[in-house]
Structure formats: structure tokens, C-alpha cells
């Protein structure tokens, strides 16, 4: 209790002047201290308010929706972006339930809230679809994460929501899918046949028009060459033109012959072009137009110009004839190509009027070349100008003809603007698939070819050689017999190598999975193969995850110990179970493995002092152990003394 001014400590009499001054000083001191405390508290509050303002600024300005939702799905707080997505102001959210504001999303929101509250864990990266008042009638998509918010006691008191509007991304994905579907539909419905082959001439793509035109299925042609599918003369011409494209790296235009379903010859105006995938592998693509009618029209022209005119009139492609620089004939598709309504809009006009100014010199040069040589000039892409001034890209082929008794030029046009776009899109669309398919097919074919030669042809030869060696040993004596025995030893080692290669092949081609395998039986089976050697086994029996090739591991390790340790070597196989794994050790008293070779000894082609053939034996052991989910390494049997023998140790998973 404070002492009232003007009294003594005992409450009687008046205080002296000094006592009054002391009381006043004490009061002033207390006031100063309290004032300082208040100023400190005020400064702390200012700093906290500044931090809260910064947090509020970030909360309001982030580009994603942020929301604090009560466990009863009432809005406690939302930022501006979340409010914009719902179509209500921030203050209109507070205290209202989701079902009141966005009923189309209420079922999903209530289910998510129950899940978060009941399970006590977040629901992350969930896609939600629905409508909001912000855009009535429009389906929108959000990617949301819902996280529980707890108090100091760990009770869930609210749910934090982060929502990102992904509608534009979903629309873009849908548009891309539709574009790919349109491209596929375009290629499958174009009247032109299209195909792709690899550098070896194997078919990797045919469009539906190709299948329909020749009554075939692509799956029956995939991976086959023309020599397997067409008569030899036809296949040779196809392959020669394909090689030209690949060798010279340019587009060629060629008319090729092929028999139809009835065996009659058809003619195809083929455009063959080179391209390559991302890895640089080369391919040749082709688009062909059936020009059998045109070829027959050429033959008919020799008999009757009128018949030829009729055929050209009916041709599906634009055709024009110009004489001395002036257009004298156009067929209906050509009229349409240049945007005219009738022939008279084009006939009589200068040819160069419809050629892009930048291509005038090229066209003049081709006309001179054609007239001087009297032969067809190669097809090229040129720019032409329609009557309305629109620039189009067309491929042009031209040949000299006699028209109305005058030397003229017949021109065949083909608008390639859309085709160019389709070719580029097709190559991008199929590039990855073709690359992967080629790599897998090529690797599989080469590997099987080499392994077939090793395991079959060479194996047969070595067996016969071994038989002859046996006969020679029986008939020879002395030094000659010793040489033959060394030869026979080499043959047997080669047979051993082939056996190892065959086992590796079985591993890579095996389709069956791992299964519970008796480890003890595998060890005993391997020991039985070496009855003349001392092989110790601690007799532990257990099941491990492996397959029928597990004995190969012990055959190789024990065989190596016998081979390099000599007849007096002692071998011990120890097995110990350890927390879901089995630790196996194959130890011997042989020459051991130097420290510098302990890592390399398992590498392919590293024989060093221990191994089989060209390093295949221990390489095979490593492959099998890793296939079973384990690891293998080599240590000194006696630590620090490699000369005292080696200890090959590996782990295997126990079978449950």
C-alpha cells in the first residue's frame, strides 16, 4: 500500500519538508520507469503491426487464391484472388458457408472438409471442377491443397486452402489433343498415300490411304523392307530412289510403278524427302499421288490430242499450258487454284503475272532449260500470286509439249502450304516414338544375332573340336599329346565361356519374376560338383528371393576358388540371416585378390588374377546378385593379408 501524502509512516502528525521532497522524487522515478515501459511496449506493437501489414500485403497480392475455412465450411478469411474466383467481395464471404455462395462446389468442399478434420492430415494437389458466380455457366478447373490448422492443444480449428485456377491450362491441353486428333484424321483421310522408312528401308509408318489402296494392314508391314513385300524389280527401283534421298539429303520427285491388287501396273507421283529424329537417325518419308491416269493420258496424247485434253480436264490436280510466255489453257482445278471464276480470267494473261516477283528469274531459267533440252525439269516449290494478290506455295512440274501445233509448256501445280504444315507436325508427333522403337528393335536384333552365333554355331564347332582332340590324345604320345591336351583345355575353356554367355542371355531374356528359392539346396548342389575339394558349409537353411539361376552364383565362386587355389585349397560357405537379408560369404585359402583389383574384378573383360574367360564369370555373378536385389564385394579372408585368401561376400533378400 502506498503512503498517503502528508502523513508519516505511522499515520500521525505532519511530514517535514525533506520527507515531502523524498516522496515526490520517488513518485517521479516510478512515473519515468512506467513511461519508459509503455514506450517500449508501444514500439513493440508498432513493429508487430508493421509485420502484420507486410503479411497482409503478401496475402492480398499473391497470384493464387488463399482461404481460411472453418470446420463447418464457413469462410473465416479470403484474399482478393480467392474472392475474384468466387465472384463475391471479400467481406461477402466472411461468416457464410460455401453452400451459400458457390453451391456448385459445396458437395466437394464439404467432403474435403470432413476428410481433413476426421483424418487430421492435408489433401494436396486435388483437381476440382465446377461453376462459380464469377462466370455463370462456365466450367472452370482449380488445383487446390487443403491443410488443417490447429490450436496450441493440437485441435483442428480451421482449414487453410490454396487454390490455383488452371482452366486456361486445361483448355490448352484439350486444344493440343484436338489438334493431334485432327492431324491424325487429316493423314488418314487424305487421298495421297504416305509412308516412312528407316535407313535400312524398313517401314515404320503407313497412313490409312496406303492400307486401303493396297488392301493391307500396317502391322503386317511394320519392320519389313520393300524386298519382302514387292516384286524384285519394283523393290529395287524403290530402294534406289530411297538411297538417293538419304545419300544426297534432298527431296526428290519421281514417278514409280507398282502393281495393284489385280497385278496391273499403276504409276505413282511420289515425293520422297529425308528427315531425322532428335538423335540424328535418318529416315525417308514419302507422299504419293496415284498418277496412273496421267501416265495413260500421256500415251493417249500420242494418238489423240482431244482425248488428252479430256483427261487433263478431268484430272484432280491443277494443270495449265503456256506458249511463248502466255497462258493458253487451264483446267478447272487450275481456275480454282488462282481464284478465278472462268477460263477467260486466266487465258491470255502473261505467265509471269502469276509468279511471285522474287521467283521470276528462277522460272525464266527453268523454261530456257526445258526448251533447250526438250525434257521435263525437276519439280520445285515456288511462290505464286492469285488474282486477289494472295501468295501461295505450290510445287511445280513442267514438261514441253506440242499444243495446237506450237511448242508449249504444260505445268502441273500442287498447293503444298497445308502439306508442309502437316509434314512438320507429323514428324514432330512421331519423332520420339520412332526413335524409341528403332533403338529397341535394332538392339534386340543385333544382340540376338551375335548371341545365336556364339551359343549355337561356335558351340557346335567347339564340341566337334573337343571330340577330335580326344581322338588325338588316344593316338599320340609324348610331347605331341601334351600339346593336344593344352588345345583341349583351351577348347573346354571356350565352351565354359559360351555357357556363361548363354546364362547371361537367359537372365536378360527371362520373363519370369523372382520366387522363394531354397538357398541351402543351391549351396549343396554347387558343392556336389566339387567332390575332390574341401568345401565347408555352416548348414543354415532359408528361403531367399531368387530364381533357378541361383546355383550359378555358387558354381562360379566355388569354381574360381578351386581353379585358382589348386587341389589343396579349403573353401567355406557361410550364411547368416540379418534383418530381412541373408549375408553369404564364400571364403578360400587361395592366392587372394590384391587391393588394387578388388573393384575391377567384377567389371566385364577384367580377368586380373581371378575370373573366368574374359571376365564373364564374376561379371555374371554380379548380374545375378543385383537381379536378386543384393550387392556383392570381395574382401581379404584375413583382414590386411590378401595373400591369405579371398572372401566373396554378398547379400540376398529373404523371401516372406
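In my numbering, the protein residues as written are 232 to 887.
Quick reminder that beta carbons are idealized off the backbone N, C-alpha and C, glycines included.
Counting only unbroken stretches of 3 or more residues, the beta strand (DSSP E) elements lying wholly within the stretch 553-600 are 557-561, in sequence order. At the C-beta level, residue 750 and residue 817 stay beyond 8 Å of one another. At a Cβ-Cβ threshold of 8 Å, residue 375 and residue 359 count as neighbours.
Distance from the Cα of residue 296 is smallest, within the candidate group 469, 395, 544, for 395.
Rounded to the nearest angstrom, the gap between the Cα atoms of residue 559 and residue 600 is 21 Å. Nearest neighbour of residue 647 by Cα position, chosen from 633, 861, 315, 628, turns out to be 628.
Here residue 585 has 569, 615, 616 as same chain residues with Cβ atoms under 7 Å from its own Cβ, once five neighbours each way along the sequence are excluded. The residue from 318, 852, 329, 871 with its alpha-carbon nearest to that of residue 882 is 852. Secondary structure at residue 859: coil, using DSSP grouped into helix, strand and coil.
For secondary structure counted as the beta strand (DSSP E) over 3 or more consecutive residues, the stretch 627-659 holds these complete runs in sequence order: 637-646.
In terms of CA proximity to residue 398, 363 leads the group 363, 308, 431, 708.
Residue state for residue 443 is assigned as helix, using DSSP reduced to three classes. The beta carbon of residue 473 is closer than 7 Å to those of 428, 432, 503, 515 in its chain, skipping five residues each way along the sequence.
Shown here, residue 410 sits in a helix according to DSSP, grouped into three states. Residues of the same chain with a CB within less than 8 Å of the CB of residue 796, apart from the 5 flanking positions on each side, are 802, 819, 820, 821, 822, 876 in chain order. With a minimum length of 3 residues, there is no unbroken run of beta strand (DSSP E) contained wholly in the stretch 309-347. Residue 645 counts as buried, since at least 16 other C-beta atoms from the protein chains shown sit within 10 angstroms of its C-beta.
Straight across, the Cα-Cα distance linking residue 766 with residue 779 is about 22 Å. Beta-bridge analysis with DSSP links residue 681 to no other residue. The beta carbon of residue 554 lies closer than 6 Å to those of 637, 639 in the same chain, with the five residues before and after it left out. By the neighbour-count criterion, in which 16 or more other beta carbons inside 10 Å mark a residue as buried, residue 368 falls on the exposed side.
Within the stretch 433-483, the runs of beta strand (DSSP E) that reach at least 3 residues and sit entirely inside it are, in chain order, 434-437. Nearest C-alpha to residue 783 among 799, 760, 420: 760. Proximity to residue 438 across 454, 452, 867, 418 peaks at 418, based on C-alpha coordinates.
In this structure, the alpha-carbon of residue 507 lies about 30 Å from that of residue 589. For residue 502, the enclosing beta strand (DSSP E) starts and ends at 496-507.
In the three-state DSSP reduction, residue 882 falls in the strand class (E or B).
Pairing residue 880 with residue 814 gives a Cβ-Cβ distance under 8 Å.
Around the beta carbon of residue 613, 16 or more other beta carbons sit within 10 angstroms, so the residue counts as buried.
Per DSSP, residue 263 has no beta bridge partner at all. Assigned with DSSP and collapsed to three states, residue 622 falls in strand. Between the stretch 564-578 and the stretch 544-554 there are three or more inter-stretch CB-CB distances shorter than 8 Å, so the stretches are counted as touching. In the same chain as residue 330, and ignoring 5 residues on each side of it, the C-beta atoms closer than 6 Å to its own belong to 337, in chain order. When the five nearest sequence neighbours on each side are left out, the beta carbons in the same chain lying within less than 7 Å of the beta carbon of residue 442 are those of 448, 449, in order along the chain. For the 8 Å CB-CB criterion, residue 487 and residue 469 form a contact.
Within the DSSP secondary-structure output, residue 359 pairs in a beta bridge with 373.
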